[in-house]
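S.K.: For the sequence shown, the working numbering begins at -16 and goes up steadily by one.
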Amino acid sequence: MATADTTNSYSTVAQAEVYFDARLHAGAWTGADAEDKERALIQATRILDSYVTWAEVPDKAAPPQTITDATCELALVLLSGDVQAKDDMEGIQQVSIAGMSVTAATTAKRIIPAHIRLLIGEYGVIKGGTGSIELVRS
C-alpha cells in the first residue's frame, strides 16, 4: 500500500497529526485508522492537483505550509464523506414536468470547499468555475 509521504502527498501522516492536534472538530481524522488517514491525504493531494491550476506546482518534499494545511483540511472532508459522489439532482433547483421547466441551482456541490479554496488562493486557482447540466426531452 502507498504511504502518505513526500512523494505522493503534500502532508505526511505525522504532519497531519500535529495539525489536527491543534484543530477543533477533527473527529473524522482522530477516529480513522492509519491506513485511511494515509489514503485521505493521498486522495486530497490528487484532488488538489486535479482541480487546481497552480501558479507554480508545489514541491511535495517542501510545500508551503498553507498547502500542507489545505491537504489536511481536504483529507478531513474526505474522511467525513464522499465529496466526489454525484447527487442525482446536483445543479437543479426546481423541475416542473407538465410545463417543462428546469431551474438551475445557483450553487452546486463543490469538491473543494470554500475554506480550503481560501488556503490555496495565493498559490493557484480552481479550474473551470462554471458548470452545465444536460437536459434531455423524453
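In this text, a Cβ means the ideal position worked out from N, Cα and C, and glycines have one as well.
How should Ile80 be labelled, buried or exposed, when 16 other C-beta atoms within 10 angstroms of its C-beta is the threshold for buried?
M.R.: In the sequence shown, residue 80 corresponds to position 97, counting from 1. Exposed: under 16 other Cβ atoms inside 10 Å.
S.K.: Span of the alpha helix (DSSP H) holding Asp95?
M.R.: Sequence index remark: in the sequence shown, residue 95 carries index 112 (1-based). Residue identity differs from the one stated: residue 95 is Ile in this sequence, not Asp. Where Ile95 is concerned, there is no enclosing alpha helix (DSSP H), given that its DSSP letter is neither H nor E.
S.K.: Using 9 Å as the threshold, is the C-beta distance between Leu122 and Ala53 below it?
M.R.: An answer regarding residue 122 cannot be provided, because it is not within the stretch -16 to 121 covered by the chain.
S.K.: Kindly indicate which residue of Ser(-8), Ala11, Ala97 and Ala(-1) has the alpha-carbon position closest to the one of Cys55.
M.R.: As a first step, residue 55 is located in the sequence shown; it is residue number 72 there, counting from the start. Of the listed residues, the one whose Cα sits closest to Cys55 is Ala(-1).
S.K.: Check Gly111 in the structure and name its three-state DSSP category.
M.R.: As a first step, residue 111 must be located in the sequence shown, where it is residue number 128. Coil at Gly111, not helix or strand.
S.K.: Tell me which same chain residues have a C-beta within less than 6 Å of the C-beta of Ala58, skipping the five on either side of it?
M.R.: As a first step, residue 58 is located in the sequence shown; it is residue number 75 there, counting from the start. Here the set comprises Ala23, Leu24 and Ala27.
S.K.: Kindly indicate the opening and closing residues of the alpha helix (DSSP H) around Val60.
M.R.: Numbered from 1 along the sequence shown, position 77 holds the residue referred to as residue 60. That run of the alpha helix (DSSP H) goes Gln48 to Ser63.
S.K.: Is it right to say Val38 is buried, meaning 16 or more other beta carbons lie within 10 angstroms of its own, or is it exposed?
M.R.: Within the sequence shown, numbered from 1, the residue matching residue 38 stands at position 55. Looking at the sequence shown, residue 38 is not Val but Ala. The residue in question, Ala38, is exposed, as its Cβ has fewer than 16 Cβ neighbours within 10 Å.
S.K.: Going by DSSP in three states, Val40 sits in which element: helix, strand or coil?
M.R.: Position 57 of the sequence shown, counting from 1, holds the residue named residue 40. Note: Val40 maps to coil in three-state DSSP.
S.K.: I'd like to check one pair, Val60 with Arg106: are the Cβ atoms closer than 9 Å?
M.R.: Position 123 of the sequence shown, counted from the first residue, corresponds to residue 106. Position 77 of the sequence shown, counted from the first residue, corresponds to residue 60. The question names Arg, yet the displayed sequence has Tyr at residue 106. No; because the gap between Cβ atoms is not below 9 Å, this pair is not in contact.
S.K.: Which word fits Leu101, buried or exposed, when buried means at least 16 other C-beta atoms lie within 10 angstroms of its C-beta?
M.R.: Indexing the sequence shown from 1 puts residue 101 at position 118. Leu101 comes out exposed.
S.K.: Nearest-angstrom Cα distance between Ala5 and Val108?
M.R.: Counting from 1 along the sequence shown, the entry for residue 5 is found at position 22. Counting from 1 along the sequence shown, the entry for residue 108 is found at position 125. Cα to Cα, the separation comes out at about 27 Å.
S.K.: DSSP on Val35, reduced to helix/strand/coil?
M.R.: Reading the sequence shown from its first residue, position 52 is the one you call residue 35. Three-state DSSP puts Val35 in a strand.
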